[in-house]
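Each residue of the sequence shown is one higher than the last, beginning at 1 in the UniProt record's numbering.
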Amino acid sequence: MSGTDWTPWPEEFAERYRKEGLWAGRPFGESLTHWAEERGARTAVVAPDHRWSYADLDRRADRLAAGLHRAGIRAGDHVVVQLPNLAEFVALLFALFRLGALPVIALPAHRRSEIRYFCEFTEAVALFVPDVHQGFDHRELAAEMLAGVPSMRHVFVAGDPGSFTALADVDADPVPLPARDPGEPALLLLSGGTTGVPKLVPRTHDDWYYSGRAVAEACDYDSSTVHLVTLPIAHNWTLTHGLMATFHAGGTLVLAPSADPDVAFPIIAGERVTDTGMVPGVALLWIEATEWTDDDLSSLRQVTIGGTKLNPELAKRVEPALGCRLQQAFGMAEGLCGFHRGTDPQDIRLLSQGLPVSPLDELRVVDSADRDVPPGEAGELLARGPYTIRGYYRAPDHNARAFSSDGFYRTGDVVRLLPTGHVVFEGRVKDQINRGGDKIAAEELENHLLAHPQVRDVAVVGLPDEVLGERICACVIPKGDQPALDDLVDFLVERGVAPYKLPDRLELMESFPLTGLGKVSKKDLVARLS
Ligand code: J2J
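This is the structure we're talking about:
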């Protein structure tokens, strides 16, 4: 990746992270080789498509890397990976790390609007998709990308490939590949986002490996850990807390196709799952399901809840219902994450969202003029540290706003710090909606809606919701005939917007309340509509 595409840590910070032993200086491809030598036959991945030992995974990653190399994919190429929870996703990730091709990790729910942007913006040469997932034929979308994106040359399909190449057939005898630089980006994650177009998060081998290790330590993972992933594996949270932390500890990663208790509970019983992560809405479903299920959940040691704030009343029900320890977690694709520790007392685990995982995480809580607030008071969280990025991919203008001049990431989250260092989430200053853990940038949705012929102006806000935390409300000043919610939803679907971004509610208005500076006051809109 070229020097203008991403922002490395200043040398004095990089040196300190190396000297303190946080950055291991080992690229991921090599880590897997090392794990396979050490652990051989131990089970690494269990998924609907395969059950692989560490040695199997290592072999498959090698053969896949060689097959992709034969197809013409090279170090420095960008590729877009949009795969659900399959073992092949894990092998592909390591194959790409070995090749030095940079994956953009898209969510299975993304559609034409997002995928096209990722492909064009990164000049991707390949797209990896499932055949049909949750009723959507990804091969049709891939055909559009191949026809419409000039850089795109290959489509690989997990499952029935149609006219494309089956991922399962990408297989060749391993070839020598040049060593990778662990200080360079290994993958591009998606930011939750606040802007008109999504932002990409470049994570290096060094920083991302370290975050996996730090999470494994915070969660007390060891070789007996069996971690179940029910959310999409493509989320930073599941990738770090699931994949990286579990592999770091030598445990087993179990990938489930869904968080539905009917699917997940028999897997917990069958695989003797010890740990899993979920958003609060799924926790509620699971708690309710324990009343009628007789699946054996006794192997669970800990469930981790995060992504959006867990209500303390729901938090209290978790341990009695699921029979295991509750841990809360917070984090962001940009890096910083926090988890509760085994030694944290119950009140801390019920009322805070976690403790940063690294001793070298630096947190500031500031007011609107960037001054530190008095200890214990709420303000915006700024973060810097060994696994928090210093800039988004190819976004110099946005970076100037999203990072302080001394390299702190402005999270847009309003928090308060307890004397123990635990973080309590209080709200948000960023223009984003958190719908059950799915993040929606209001501006992105507003841009789409402004293109609708019956929309003169629009403001998208999150309204409080008991189960999801927030729901999406589009406030519209109409032009001509008044649009209905279905009209707007159909329009967004037609434009290829991911289903999780579709508004739940429409409010028609004649004008918007304004702030003193003449901007739309979303705070007043939310207060008026809640
Ligand atoms: C309130 N808001 C939270 C929480 C994240 C671990 C856990 C989650 C993510 C994640 C992650 C929250 N309570 N417990 O990457 O490693 C909101 C904040 C944050 C944004 C980031 C991880 N946990 N949030 O959710 O990149 O607003 O990462 O800035 O998807 O989610 O979203 P995302």
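Think of the CB as a built atom: it goes at the ideal place given N, C-alpha and C, for glycine as much as any other residue.
VAL476: first and last residue of the uninterrupted beta strand (DSSP E) it sits in:
Start and end: 469-478.
Could you round the C-beta distance between LEU351 and VAL424 to whole angstroms and report it? I think they count as a contact, below 8 Å.
The Cβ separation is near 7 Å, so the contact holds.
Checking the sheet assignment: what are the DSSP bridge partners for SER53?
Paired residues: THR43.
Identify every residue that forms a DSSP beta bridge with PRO464.
In the DSSP output, where bridge partners are listed per residue, PRO464 has GLU470.
Heavy atom of the ligand J2J less than 8 Å from the Cβ of TRP52, yes or no?
Result no, Cβ not under 8 Å from the ligand J2J.
If I follow the unbroken alpha helix (DSSP H) through ASP524, where does it start and stop?
Residues 522-529.
Using the three-state DSSP reduction, which class does GLN346 fall into: helix, strand or coil?
Here GLN346 sits in helix by DSSP.
GLY135 by DSSP, collapsed to three states: which one?
Here GLY135 carries a coil assignment [DSSP, helix/strand/coil].
Of all the options ASP457, ILE433 and CYS475, which has the alpha carbon lying nearest to the alpha carbon of PRO464?
The residue from ASP457, ILE433 and CYS475 with its alpha-carbon nearest to that of PRO464 is ILE433.
Closest Cα partner of GLY342 within the set ASP220, PRO419 and GLY277:
For GLY342, the nearest C-alpha among the options comes from ASP220.
Take LEU239 and list the residues in its own chain whose beta-carbon comes closer than 6 Å to its own, dropping the five residues that flank it on each side.
Excluding positions up to five away in sequence, the list is empty.
Quick one: does the C-beta of ASN434 sit closer than 8 Å to a heavy atom of the ligand J2J?
A distance criterion of 8 Å places the beta-carbon of ASN434 in contact range of the ligand J2J, judged by its closest non-hydrogen atom.
Report yes if the CB atom of VAL458 is closer than 9 Å to the CB atom of ALA484, and no otherwise.
No, they are not a contact pair.
Nearest candidate by alpha-carbon position, reference PRO185, set ALA249, TYR209 and VAL170
When only C-alpha atoms are compared, the closest one is TYR209.
With a threshold of 8 Å (Cβ to nearest heavy atom), would THR240 be considered close to the ligand J2J?
Within the cutoff, so yes.
Check whether the segment 156-168 touches the segment 52-61, counting contact only when three or more Cβ pairs, one atom from each stretch, lie closer than 8 Å.
Because the criterion of three Cβ pairs below 8 Å is not met, the segment 156-168 and the segment 52-61 do not touch.
Residues in the same chain with beta-carbon distance under 6 Å from HIS205, minus the five sequence neighbours each way, listed in chain order, please.
For HIS205, where only same-chain residues beyond five positions count, the Cβ hits under 6 Å are PRO27, PHE28, PRO182 and ALA186.
Since ARG116 is in the alpha helix (DSSP H), which residue starts that stretch and which ends it?
Here the alpha helix (DSSP H) through ARG116 covers 112-122.
Examine the Cβ distances between the segment 40-52 and the segment 101-114 and report whether three or more of them are shorter than 8 Å.
Taking one beta carbon from each stretch, the segment 40-52 and the segment 101-114 have fewer than 3 pairs nearer than 8 Å; the two do not touch.
Please determine if the segment 224-237 and the segment 84-93 are in contact, where contact requires at least 3 C-beta pairs separated by less than 8 Å.
With the rule of 3 Cβ pairs closer than 8 Å, the segment 224-237 counts as touching the segment 84-93.
CA-to-CA distance, ARG528 to ALA249, given in whole angstroms
Cα to Cα, the separation comes out at about 49 Å.
Touch check for the segment 277-289 and the segment 311-325: three-plus C-beta pairs under 8 Å?
Touching, yes, given that three or more Cβ pairs across the two stretches are closer than 8 Å.
Suppose contacts are defined by Cβ-Cβ distances below 9 Å. Is LEU326 in contact with HIS340 by that definition?
Cβ atoms of LEU326 and HIS340: closer than 9 Å.
Indicate the three-state DSSP secondary structure (helix, strand or coil) for THR204 in the structure shown.
In the three-state scheme derived from DSSP, where H, G and I count as helix and E and B as strand, THR204 is classed as strand.
Proximal residues to LEU146 (C-beta, below 7 Å), its chain only, five neighbours per side dropped
These residues qualify, in order along the chain: MET152 and VAL155.
Does the contact criterion of 3 or more C-beta pairs under 8 Å hold for the segment 429-446 versus the segment 259-275?
Segments in contact, no.
Return helix, strand or coil for VAL414, following the three-state DSSP convention.
Under the three-state reduction of DSSP output, VAL414 falls in the strand class.
Should SER358 go down as buried or exposed, given a rule of 16 or more other Cβ atoms within 10 Å for buried?
Around the beta carbon of SER358, a 10 Å sphere encloses 16 or more other beta carbons of the protein chains shown; the residue is thus reported as buried.
Of all the options PRO48, ALA61, ALA126 and ASP169, which has the alpha carbon lying nearest to the alpha carbon of GLY76?
For GLY76, the nearest C-alpha among the options comes from ALA126.
Give me, in chain order, the residues of the same chain whose beta-carbon lies closer than 6 Å to that of ALA216; leave out the 5 immediate sequence neighbours on both sides.
Within the same chain, ALA216 has close Cβ partners ALA245, HIS248 and ALA249.
Using a Cβ-Cβ cutoff of less than 8 Å, which residues in the same chain neighbour ARG301 once the five nearest sequence positions on both sides are dropped?
These residues qualify, in order along the chain: THR274, ASP275, CYS324 and ARG325.
Identify the residues that DSSP records as bridge partners of ASN447: which are they?
DSSP lists no partner for ASN447.
Residue ranges of each beta strand (DSSP E) within the segment 218-265, 3 or longer:
Listed in chain order, they are 226-229 and 252-255.
Does at least one heavy atom of the ligand J2J sit under 8 Å from the Cβ of GLU334?
Yes - the ligand J2J has a heavy atom lying nearer than 8 Å to the Cβ of GLU334.
Taking the CB atoms as reference points, tell me whether PHE403 and GLY412 lie closer together than 9 Å.
Result no, Cβ atoms of PHE403 and GLY412 do not sit closer than 9 Å.
Nearest candidate by alpha-carbon position, reference PRO419, set GLY354, HIS398 and LEU449
Looking at the Cα atoms, GLY354 is the closest of the given residues.
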